[in-house]
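Written below as structure tokens is the structure these notes are about.
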Amino acid sequence: MDLSYGEAAEAFRKEVRGFIKAAWQPGELRGAELKDHIRAFRRAAIEQGYLYRSVPKRYGGSEQPVDVIRAQVIREEFGRARAPMEVGGNGVNMTVPTLLEKGTEEQRELFIRPTIEGDYIWGQGYSEPGSGSDLASVRTKAELSADGSKWIVNGQKIWTSQGMQATHMFMLVRTEPDAPKHDGITYLLMDLNQPGVTRRPIRQMTGEQGSHTFCEFFFDNAEAPVSWQVGERGQGWYVSRTTLKHERASIGSADGLGSQFRKLVELAQEMGRIGDPLVRDRLAEIEGRVLSHRYTSFRLFSCAAAGEDPGAVPLLMKLLLTEIGHDIALLAQDLIGEEGMTEPLGAGGRGPRGPRGPNKWLDQIMGSLGNSIAGGASNIQRNIIGERGLGLPRDLAMSAEK
Ligand SMILES: Cc1cc2nc3c(=O)[nH]c(=O)nc-3n(C[C@H](O)[C@H](O)[C@H](O)COP(=O)(O)OP(=O)(O)OC[C@H]3O[C@@H](n4cnc5c(N)ncnc54)[C@H](O)[C@@H]3O)c2cc1C
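The opening residue of the sequence shown carries number 4 in my numbering; numbering runs sequentially from there.
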């Protein structure tokens, strides 16, 4: 098996590495100075064609031809140097591709640049109390104003990640109450800073309740211009199915599992349990799954590079990733024992590094439960694998996919 990317990719790697070395010099910078440096670095990286490759130049992107190998080299080199990549979150991952594929010119001009520059932060307004897996049953309703220029929204959304920081929301609202449920939904963009919107943080079992955590939103005659509706009225379900195409290959997530596993081995050493045959047996079993996940990611990457259809394999990835992550966390919990359960949750402590600094293993255990629910619970993933991958009959109770 040849896992090298080839000479052209290695020459490109050298170029990327040289750029990062010259342009990313955060040194001891902190606060506003660090923020300015990050902004300037991202701008220079866009100029070079390294970031926002699928976003046209007129909206602030670098507009590069699709090239999964170059995109992977960029991810690897930026990751290695811990240099800032694209702004994360729903905005760049979901709003921007949706607008590029289904938005109007006005919407693209209004929203894409401030989103990729990190000024607009987007909440995903899909789930409601009673509408999670069965997302097509959303009840938050929108009606046209008397002059037909605005949507007036009433209802509730829940589990909005980054809800406290969000400036805007993309949401699914019911506009055709009498239509079949998948056909009565409209996809709407909304400015969250207005009197008709109330947000409340939700306290989690991890104890987290801050700017990064969940919110519930209440809409009481909140307004959105009709021109902020994405796609046709009543066709929002299909707009929400817009997926990320282009240069996505999931090696990144497999790398994340690899580093979690290495931390787990370090923990077993630290706790003096690395020689314990039962621990070694569990470590070996987990490592086998981590490696097979990694090689499956390479397989997807090769398919994407060759323009081949990967078949049902992508359907498995989220389920496997969350299950392996949970098993890593469970073994860590057993290694730490009671001490792990009494450590205060939150900042600092032993454990793998997360996006917000070092996480404790206990956070990791709780977080791995959340991962198995977010973005489609594991049972729903199994339904999708069964129906779309194996051709089994459809689950009639399940209407998340039409
Ligand atoms: C970390 C995290 C972040 C999230 N962020 C957001 C966000 O930003 N925006 C947003 O809108 N939502 C968000 N969510 C919500 C998430 O999308 C829902 O929690 C998820 O879709 C499940 O819905 P539910 O909680 O209503 O559970 P339910 O749908 O009630 O499911 C409960 C249980 O029943 C099972 N189940 C349900 N239906 C079936 C079926 N037909 N067959 C078999 N089993 C079934 C499920 O697998 C689950 O185990 C987030 C959730 C988490 C945990």
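For each residue, glycine too, the CB sits at the ideal point set by N, CA and C.
The Cβ atoms of Thr178 and Gln159 lie no closer than 8 Å to each other. Remark: the shortest separation between the CB of Gly135 and any heavy atom of ligand 1 falls under 7 Å.
The criterion of a C-beta distance shorter than 8 Å is satisfied by Gly128 and Leu175. A straight-line Cα-Cα distance of about 32 Å links Leu191 and Ala43. For Lys160, the uninterrupted beta strand (DSSP E) segment begins and ends at 153-163. Residue pairing from DSSP places Met193 in a beta bridge opposite Met172. For Asp366, the CB stays at least 7 Å from every heavy atom of ligand 1. In the structure shown, the three-state DSSP call for Gly128 is strand. Annotation for Leu103: the continuous alpha helix (DSSP H) segment containing it runs 99-105.
For Asp330, the closest of Leu195, Ala12, Glu341, Gly291 by C-alpha to C-alpha distance is Gly291. Under the criterion of beta carbons closer than 8 Å, Pro87 and Arg45 qualify as touching, at roughly 6 Å. The criterion of a C-beta distance shorter than 8 Å is satisfied by Phe217 and Pro204. In this structure, Ser300 has its beta carbon at no less than 7 Å from each heavy atom of ligand 1. Contact between Ala139 and Met193 is ruled out by a C-beta separation of about 20 Å, above the 8 Å threshold. Under a 10 Å Cβ-count criterion, Gly340 is classified as exposed, with fewer than 16 other Cβ atoms of the shown protein chains found around its own Cβ. Burial of Glu89 is indicated by the presence of at least 16 other C-beta atoms within 10 angstroms of its C-beta.
If you draw a straight line from the Cα of Arg83 to the Cα of Met167, it comes to about 31 Å. Cβ neighbours of Gly106 within its own chain (closer than 7 Å, five residues either side excluded): Val233.
Taking a cut-off of 8 Å on C-beta distances, the segment 93-105 touches the segment 117-124, as three or more cross pairs fall below it. Leu260 places its beta carbon less than 8 Å from that of Leu324. Judged by their CB atoms, Gln67 and Gly52 are nearer to each other than the 8 Å cut-off. Taking all protein chains in view, the Cβ of Asp5 is surrounded by fewer than 16 other Cβ atoms within 10 Å, so the residue is classified as exposed. Going by C-alpha positions, Arg85 is about 11 Å away from Gln28.
For Gly82, the shortest separation between its Cβ and any heavy atom of ligand 1 does not lie below 7 Å. As computed with DSSP, Arg202 is found in a beta bridge with Phe220.
DSSP places Ile188 within a strand segment (E or B) once states are collapsed to three. Rounded to whole angstroms, the gap between the alpha carbons of Val156 and Trp125 is 18 Å. Residue burial is scored here from C-beta neighbours: Asp223 has fewer than 16 other C-beta atoms within 10 angstroms and is therefore classed as exposed. Nearest neighbour of Gly389 by Cα position, chosen from Leu32, Gly151, Ala315, Ile277, turns out to be Ala315. In the three-state reduction of the DSSP assignment, Ser134 falls in the strand class, which pools E and B. Cβ neighbours of Leu399 within its own chain (closer than 7 Å, five residues either side excluded): none. DSSP, reduced to helix, strand and coil, places Val141 outside both helices and strands of the structure shown, so it counts as coil. Distances between the C-beta of Lys184 and the heavy atoms of ligand 1 are all 7 Å or more. Within the DSSP secondary-structure output, Val268 pairs in no beta bridge.
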